[in-house]
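For the sequence shown, position 472 matches number 489 in our numbering, and the numbering has no gaps at all.
Note that the Cβ used here is the ideal one computed from N, Cα and C, for glycine as well.
Heads up, the thing below is written out as structure tokens.
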Amino acid sequence: MFRWLFLNESALAPAEHAAWKISTLRILLVSGFILEAWVALHSSFRAVERGAYEILLTVISLYALKSVAIWGSRKYPRFSAALLLLNIYGIASAISIFTRDPDLAKLGYLFVYITPILARIFFHSRLALTLMLLNTIPFISVISGYSHSLEGHHPIPDAEVYIHTLFYFFFNICLPLAVFRILYALDTTLVRYQDTSGALQVSHAQYQEVFENAGTALLLTDAYGQILQANQQANHLLGRNPETDSELALFGWLSLDESFKLSQADEVAGLRTSAYRTRDGKLVALDNISQTSTEHYIVALRDVSGLHKMQHALKASIERQDYLSSHDSLTNLPNRDMLRQFLQQKLEGLSTDQVTALVSFRLNSVRQANQQFGAHTGDVLLRRFADELTQVLPKNCFCARLRSIVFSFVIDQLHSPADVVQFVDQIREAMPKELMVNGELLLVQFSAGIAVLRPEDKEPDELIRRSEVALDTSRRGSDQNVTLFDEHDANQIRRNVEIEVGILNGLKAGEFHLMYQPKVDWDGRIAGVEALIRWVSPSLGKVAPSEFIPIAERSGLVRQVSNFVIEQSCSQIRAWLDEFGHSPVVAINLAVSDIARPDLISLIDDTCARYRIATSYLELEITETGLIANEQQSIEHLNVLKNRGFGIAIDDFGTGYSSLSKLSHFPAHTVKIDRSFVAQIGYNRKSEMIVKAIVSLAEILACNTIAEGVENESQEQFLKEVGCQYFQGYLYYRPLDLDGMRSLLSQPGLNLSADQMITDRMLKTGNSSI
């Protein structure tokens with residue numbers, strides 16, 4: 018109300034505030050200039066008639082002053098307002114000086130009483146108050162009867178008319194017009210105030226609605242944390258009833274004693290916040306604190322009780338995950354990774370005065386337990402063994418499960434490797450020999466391998482490797498043996514790994530090639546050749562098939578090796594046919610795992626078709642052991658291959674453990690007598706009897722016979738006497754490379770008996786489609 022009554026200048030924009038003041042000033046100046054012109058002109062003429070030039074000069078001065086004020090109101094409104102005030106004081110002074118009638122002269126002072134109002138309008142209150150004090154001088158003069166009329170000057174003619182005219186123009190026209198302009202500004206301000214007030218009410222209602230339904234708990238507090246306003250969610254979160262609870266301090270509802278920092282996962286916008294407990298046990302976080310323009314603060318609260326529980330559950334889960342990542346789930350012992358970390362610490366602080374060793378136990382009896390009673394029994398046995406081992410070991414001894422049936426522990430503070438072996442023997446003796454598992458008494462048989470830490474060791478994996486090498490050596494020696502790491506065993510294992518890696522790389526790099534060893538009949542004619550794979554590695558040198566083939570079979574790489582042999586053999590047959598018009602039958606060796614390959618038949622068929630060779634040019638050699646290992650599938654695959662015209666030979670016959678009844682079911686064309694029996698001819702009567710029996714058995718099975726490893730004439734003579742049909746060995750030919758085979762096949766008058774061998778195969782199998 019007071020602001021409206023006294024016209025708060027901040028209610029208008031700065032430009033509007035200056036506009037109404039300038040407008041009011043111009044109204045006063047221009048209206049006074051125009052309306053008072055008659056008085057000025059008339060009084061000037063009368064003054065000239067009477068020779069009162071001082072009156073003329075005064076009128077001209079006052080009008081000049083007002084003219085300057087009007088001109089200056091465009092750019093200098095405050096200066097013009099000052100001239101206006103000066104003009105009013107000038108008019109009042111002129112009336113009091115040039116009027117002889119004291120009563121009329123006193124009327125001139127009425128003009129100056131309006132100056133404080135104008136000073137307040139155009140300037141400020143201090144000037145208005147100053148003028149109020151200044152105006153007490155003419156007031157005192159009037160009430161005291163003092164006259165300012167000057168003797169010797171001409172009086173203003175018709176002074177009464179002029180004074181009343183000026184009063185009429187100024188108070189009846191000029192001043193009301195100015196007041197009307199001010200009132201218009203006040204009306205505009207009032208309308209705007211009403212509009213603004215309505216908008217503020219709407220805005221306040223919207224603010225209240227947003228504040229109450231913001232979706233979060235909000236508080237409005239002062240700088241001292243006193244609650245000024247709270248929405249329903251905040252009151253509910255704090256357990257506060259604003260109608261009955263008189264406590265206004267925010268931290269009267271939140272306990273500082275039970276506060277704690279939230280974890281980084283719970284931080285809001287990167288700000289690490291704290292959580293406080295309320296009176297009813299909730300956990301509340303101050304999510305955000307924003308300062309308003311009135312020194313108040315908006316505080317956003319968040320209930321983190323559930324989040325805190327989830328945080329604890331997540332922390333427990335992470336700890337559990339960390340535990341599982343570093344421990345074995347079956348035995349709860351540390352796993353391989355944790356063992357590596359422990360060994361790394363040992364390597365960094367290794368003492369040269371004492372011996373530290375890694376000991377590995379392999380529980381060999383688990384396989385038997387699994388086979389007899391199932392995998393669950395084997396797991397129970399592993400747990401029981403782990404429990405017994407940790408009880409026997411010293412309390413400060415680190416024990417881990419290295420892999421499935423291998424446990425490792427670290428021992429130190431011993432003086433020599435012999436002390437380590439003695440300590441391990443004591444542990445072995447303390448371990449139970451039998452364990453009761455699920456009502457069954459199971460034997461506890463385990464091997465032990467020891468690897469001693471060396472000063473030059475840098476990586477824990479090297480120590481673990483040496484321990485496993487020693488363990489593997491122990492296992493191959495005896496189930497109840499302790500083996501200290503040996504460098505020879507390590508070198509052999511390292512070479513095996515290099516060979517395994519080198520096989521695949523060598524096949525890609527073209528390091529493998531085939532050589533061919535001819536087979537001959539009784540007359541020395543070529544009856545076929547056997548493809549023999551050779552490997553010359555840039556890093557390993559010449560690697561014998563007897564060394565890399567078993568490694569390839571164990572690692573599963575023999576499939577790629579067989580693919581290479583089949584591909585190269587078919588390609589070479591095609592090359593010989595194109596060059597010489599004929600080719601010997603090429604025998605290739607298939608591994609044990611090749612017999613069970615589902616793609617074996619399609620692989621051989623597709624390769625023969627791609628090189629356009631007849632199936633009769635290929636003979637597949639399978640060991641007797643390979644036939645027995647995959648009996649049912651071997652018979653199925655070999656029957657298909659036999660019916661398609663491929664030769665089938667049983668290699669190394671007599672070294673396996675197959676029965677006559679099983680061999681009678683295998684669809685073979687040829688039986689190869691193993692070189693171990695041929696080498697004993699002339700020295701071992703039993704070997705000679707076995708050779709004779711094999712030849713007789715081959716005749717019963719309707720198979721051709723080939724003797725491997727024939728190296729002298731006495732062996733050849735015996736083999737011919739017992740009825741062997743074909744021969745292979747150094748007595749006839751060593752394995753030939755491609756140049757050697759080209760020289761052999763290009764000999765003039767060469768007579769191959771391969772056609773006769775194929776004919777024999779057809780007659781014995783009854784297959785005339787070859």
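Reference residue i, options the options, closest by Cα
{"i": "aspartate 595", "options": "Ala569, Tyr628, Thr624", "result": "Tyr628"}
{"i": "lysine 689", "options": "Ile707, Asn701, Gly699, Ala202", "result": "Ile707"}
{"i": "serine 633", "options": "Lys326, Gly545, Glu476", "result": "Gly545"}
{"i": "threonine 348", "options": "Thr41, Ala374, Asp304, Phe402", "result": "Phe402"}
{"i": "alanine 613", "options": "Val76, Phe581, Leu574, His654", "result": "His654"}
{"i": "histidine 432", "options": "Ala374, Leu406, Phe390", "result": "Ala374"}
{"i": "histidine 344", "options": "Asn455, Ser421, Ile199, Tyr750", "result": "Ser421"}
{"i": "alanine 604", "options": "Arg576, Gly598, Ile639, Leu45", "result": "Ile639"}
{"i": "histidine 253", "options": "Leu235, Lys412, Leu755, Phe424", "result": "Leu235"}
{"i": "serine 263", "options": "Ser760, Ser272, Gln243", "result": "Gln243"}
{"i": "valine 804", "options": "His393, Asp212, Ile568, Phe440", "result": "What is shown of the chain runs 18 to 787, which leaves residue 804 out entirely."}
{"i": "tyrosine 293", "options": "Glu312, Leu318, Ile306, Tyr750", "result": "Leu318"}
{"i": "aspartate 691", "options": "Thr722, Arg661, Glu716, Gly699", "result": "Thr722"}
{"i": "aspartate 622", "options": "Leu100, Asp396, Gly662", "result": "Gly662"}
{"i": "lysine 559", "options": "Ala195, Gly456, Ile105, Glu528", "result": "Glu528"}
{"i": "proline 472", "options": "Pro411, Arg512, Leu364, Gln443", "result": "Leu364"}
Environment of residue i [buried if 16+ CB atoms lie within 10 Å]
{"i": "lysine 703", "result": "exposed"}
{"i": "isoleucine 630", "result": "buried"}
{"i": "tyrosine 126", "result": "buried"}
{"i": "leucine 74", "result": "exposed"}
{"i": "glycine 287", "result": "In this predicted model, glycine 287 has a pLDDT of only 40, less than 50, meaning its place in the structure is not dependable enough to derive any value."}
{"i": "aspartate 204", "result": "exposed"}
{"i": "glutamine 249", "result": "exposed"}
{"i": "glycine 664", "result": "buried"}
{"i": "arginine 571", "result": "exposed"}
{"i": "glutamate 485", "result": "buried"}
{"i": "leucine 767", "result": "exposed"}
{"i": "alanine 35", "result": "exposed"}
{"i": "histidine 682", "result": "exposed"}
Beta strand (DSSP E) segment containing residue i, residue limits
{"i": "tryptophan 539", "result": "That residue, tryptophan 539, is in no beta strand (DSSP E); it is neither H nor E in DSSP."}
{"i": "methionine 453", "result": "451-454"}
{"i": "glutamine 362", "result": "Not the beta strand (DSSP E): glutamine 362 falls in the alpha helix (DSSP H), residues 353-365."}
{"i": "threonine 295", "result": "291-295"}
{"i": "tyrosine 314", "result": "314-320"}
{"i": "glutamine 866", "result": "The requested residue 866 does not occur in the structure, where the chain is confined to residues 18 to 787."}
{"i": "arginine 551", "result": "543-554"}
{"i": "leucine 460", "result": "457-460"}
{"i": "threonine 722", "result": "721-724"}
Rounded C-alpha distance that separates residue i from residue j
{"i": "glycine 49", "j": "serine 110", "result": "17 Å"}
{"i": "valine 129", "j": "methionine 149", "result": "9 Å"}
{"i": "alanine 266", "j": "glutamate 260", "result": "15 Å"}
{"i": "isoleucine 157", "j": "glycine 107", "result": "19 Å"}
{"i": "leucine 607", "j": "aspartate 429", "result": "51 Å"}
{"i": "lysine 709", "j": "alanine 487", "result": "45 Å"}
{"i": "leucine 334", "j": "phenylalanine 268", "result": "Checking the sequence, you will find serine at residue 334 rather than leucine. Computed Cα separation, rounded: 34 Å."}
{"i": "aspartate 283", "j": "alanine 302", "result": "Unreliable positioning characterises aspartate 283 in this predicted model, as indicated by a pLDDT of 48, which lies under 50. The coordinate reading is nonetheless provided below. The alpha-carbon atoms of aspartate 283 and alanine 302 are separated by roughly 10 Å."}
{"i": "leucine 207", "j": "histidine 141", "result": "22 Å"}
{"i": "phenylalanine 62", "j": "tyrosine 70", "result": "10 Å"}
{"i": "alanine 16", "j": "glutamine 211", "result": "Nothing can be reported for residue 16: it is not among the residues displayed for the chain, which extend from 18 to 787."}
{"i": "leucine 574", "j": "alanine 330", "result": "48 Å"}
Run of the alpha helix (DSSP H) containing residue i, from where it starts to where it stops
{"i": "leucine 574", "result": "From DSSP, leucine 574 is part of no alpha helix (DSSP H); its letter is neither H nor E."}
{"i": "alanine 195", "result": "192-229"}
{"i": "phenylalanine 5", "result": "Because the chain in this structure spans residues 18 to 787, residue 5 falls outside the shown range and cannot be described."}
{"i": "glycine 269", "result": "267-270"}
{"i": "valine 708", "result": "702-717"}
{"i": "aspartate 611", "result": "609-612"}
{"i": "lysine 737", "result": "730-739"}
{"i": "phenylalanine 188", "result": "Looking at the DSSP string, phenylalanine 188 is not in any alpha helix (DSSP H), and its letter there is neither H nor E."}
{"i": "asparagine 152", "result": "Counting along the chain, asparagine 152 falls outside any alpha helix (DSSP H), and DSSP gives it neither H nor E."}
{"i": "serine 307", "result": "No alpha helix (DSSP H) contains serine 307, which is instead part of the beta strand (DSSP E) from 300-308."}
{"i": "leucine 235", "result": "Premise fails: leucine 235 lies in the beta strand (DSSP E), 234-238, not in any alpha helix (DSSP H)."}
{"i": "glycine 107", "result": "94-115"}
{"i": "alanine 86", "result": "70-89"}
Residue i Cβ short of 8 Å to the ligand FAD heavy atom set
{"i": "alanine 447", "result": "You won't find the ligand FAD in this model; it holds no ligand whatsoever."}
### Message
Please give the ranges of any alpha helix (DSSP H) in the segment 626-661, keeping only runs that are unbroken, at least 4 residues long and fully inside the region.
### Response
641-646, 648-660
### Message
Quick check on the DSSP output: what are the complete alpha helix (DSSP H) runs of length 4 or more inside the segment 380-424, in order along the chain?
### Response
383-390, 392-409
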